[in-house]
Amino acid sequence: MSCERRVHTFQQVEEVRIECCDKKELEELEKTIISSIEQKLEKLNILIKNCNVYSGNGMILVNDRYNICSDLVTVAEAFGLNIKQVQCSLKGKNYIITDELLTVLKQLEREFDFGTNIANQELTDVICHILNENSVTRNIDLNVLEMVRNIKKNGQYVTTRTRTITEETEDGRLIGRSEGQWVTDANEIRNKLMKISKDAQTTVNKTNSQLRDGTAKLIYARARQMGYAVQEVKKGTQTQLVLVRCE
397 MSCERRVHTF
407 QQVEEVRIEC
417 CDKKELEELE
427 KTIISSIEQK
437 LEKLNILIKN
447 CNVYSGNGMI
457 LVNDRYNICS
467 DLVTVAEAFG
477 LNIKQVQCSL
487 KGKNYIITDE
497 LLTVLKQLER
507 EFDFGTNIAN
517 QELTDVICHI
527 LNENSVTRNI
537 DLNVLEMVRN
547 IKKNGQYVTT
557 RTRTITEETE
567 DGRLIGRSEG
577 QWVTDANEIR
587 NKLMKISKDA
597 QTTVNKTNSQ
607 LRDGTAKLIY
617 ARARQMGYAV
627 QEVKKGTQTQ
637 LVLVRCE
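Take 397 as the starting number for the sequence shown in this note's numbering and just add one per residue.
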């Protein structure tokens, strides 16, 4: 009688799809963010359209040659834009403007030409040098980026679950089989995806508030540019803004 026994161990692998954050949701988020950026810049352009405006490297350079935009910093910050005054060879006051929403888009692996919709001047070597000197580093989470790539490739996040299977044979006959527990990172991934979705909604809500605040600041600034003051007039539950000519 033969006593030969052989034990074979292998892993069984199955695909797991996680539905809480899908490709469509990411695409809608991208569209919302891009629309918000464009709205900010279109509104800001009401204030700076008479300045020299350049766009490049994810930044805008505003050359306020005649100092006609004294409220630019206040308005830009109200819109949630990052703005700083820079010293350079251009005459007048000069400002670099960018937006943290571009970092969100980069995290989603989406490119966007920031400021091209309002730029009114062509780039020159001098302007490119100024933009390069003030370039912005955008830090992204590589783990999140890989998750985004996974979702865009598969429609939903795809991971796996595995379990160890051991089979014991004697004389070529299967005499025993045991299966280990399934092992997967699906719950951990699901929690991370839920956080991404929550953070995205927070970003959208914050941006909507910034658009409202920025628009209000813009109205006051534009009125001052035209020689008016703005008064708030209450009519029932509504507040109307009325322009009054400054003496």
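Ideal Cβ positions, reconstructed from N, Cα and C, are used throughout, including at glycine.
Residues in its own chain within less than 7 Å of residue 489 by CB, not counting five upstream and five downstream?
-> In the sequence shown, residue 489 corresponds to position 93, counting from 1. Taken in chain order, the residues that qualify are 460, 463, 481.
### Message
Once the 5 residues before and after residue 434 are set aside, which same chain residues still bring their CB inside 7 Å of it?
### Response
Position 38 of the sequence shown, counted from the first residue, corresponds to residue 434. 513, listed in sequence order.
Below 6 Å CB to CB, which residues in the same chain sit around residue 409 once its five sequence neighbours on both sides are set aside? As a first step, residue 409 is located in the sequence shown; it is residue number 13 there, counting from the start. Counting only residues of its own chain and dropping the five nearest sequence neighbours on each side, residue 409 has a CB closer than 6 Å to the CB of 556, 558.
- request: Select from 561, 427, 439 the residue whose C-alpha is nearest the C-alpha of residue 607.
  value: Here residue 607 is taken as the residue at index 211 of the sequence shown, counted from 1. The closest CA to that of residue 607, considering only 561, 427, 439, is found on 439.
Look at the alpha carbon of residue 447 and the alpha carbon of residue 522, and state the distance between them as a whole number of angstroms. Within the sequence shown, the letter at position 51 stands for residue 447. Within the sequence shown, the letter at position 126 stands for residue 522. Looking at the two C-alpha atoms, the distance is approximately 17 Å.
Quick one: what's residue 477 bridged to in DSSP? Locating residue 477 in the sequence shown gives position 81, where the first residue counts as 1. According to DSSP, which records beta bridges pairwise, residue 477 is partnered with 495.
In the DSSP assignment, what residue or residues form a beta bridge with residue 457? Numbered from 1 along the sequence shown, position 61 holds the residue referred to as residue 457. Under the DSSP definition of a beta bridge, residue 457 partners with 450, 492.
Worksheet item: Between residue 467 and the rest of its own chain, which residues show a CB-CB distance below 6 Å, the 5 nearest in sequence each way excluded?
Response: Position 71 of the sequence shown, counted from the first residue, corresponds to residue 467. Only residues of its own chain outside the window of five on either side were considered, and among them 617 have a CB closer than 6 Å to the CB of residue 467, listed in chain order.
- Leaving aside the five residues before and after residue 456 along the sequence, list all residues of the same chain whose C-beta is less than 6 Å from its C-beta, in chain order. Looking up residue 456 in the sequence shown gives position 60. Contacts found: 493, 511.
Classify residue 417 as helix, strand or coil using the three-state DSSP reduction. Counting from 1 along the sequence shown, the entry for residue 417 is found at position 21. In the structure shown, residue 417 sits in a strand (DSSP, three-state: E or B).
On the three-pair Cβ rule with 8 Å, is the region 556-576 touching the region 525-540?
No, because fewer than three Cβ pairs between the region 556-576 and the region 525-540 fall closer than 8 Å, the two stretches do not touch.
Rounded to a whole number of angstroms, what is the C-alpha to C-alpha distance between residue 416 and residue 524? Translated into the one-based positions of the sequence shown, residue 416 becomes position 20. Translated into the one-based positions of the sequence shown, residue 524 becomes position 128. C-alpha separation (whole angstroms): 43 Å.
- Task: Go ahead and label residue 590 buried or exposed: buried means 16 or more other beta carbons lie within 10 angstroms of its beta carbon, across all protein chains shown.
- Result: Translated into the one-based positions of the sequence shown, residue 590 becomes position 194. Per the 10 Å Cβ criterion, exposed.
Discussion item. Residues in the same chain with beta-carbon distance under 6 Å from residue 405, minus the five sequence neighbours each way, listed in chain order, please.
Written reply: As a working mapping, residue 405 is identified with position 9 in the sequence shown. Within the same chain, residue 405 has close Cβ partners 562.
**Report entry** Check whether residue 540 and residue 429 have beta carbons under 8 Å apart
**Finding:** As a position in the sequence shown, residue 540 is number 144, starting the count at 1. As a position in the sequence shown, residue 429 is number 33, starting the count at 1. Not in contact: residue 540 and residue 429 (Cβ atoms no closer than 8 Å).
DSSP state of residue 438 mapped onto helix, strand, coil: Start at 1 with the first residue of the sequence shown, and residue 438 comes out as number 42. Residue 438 falls in the helix class under three-state DSSP.
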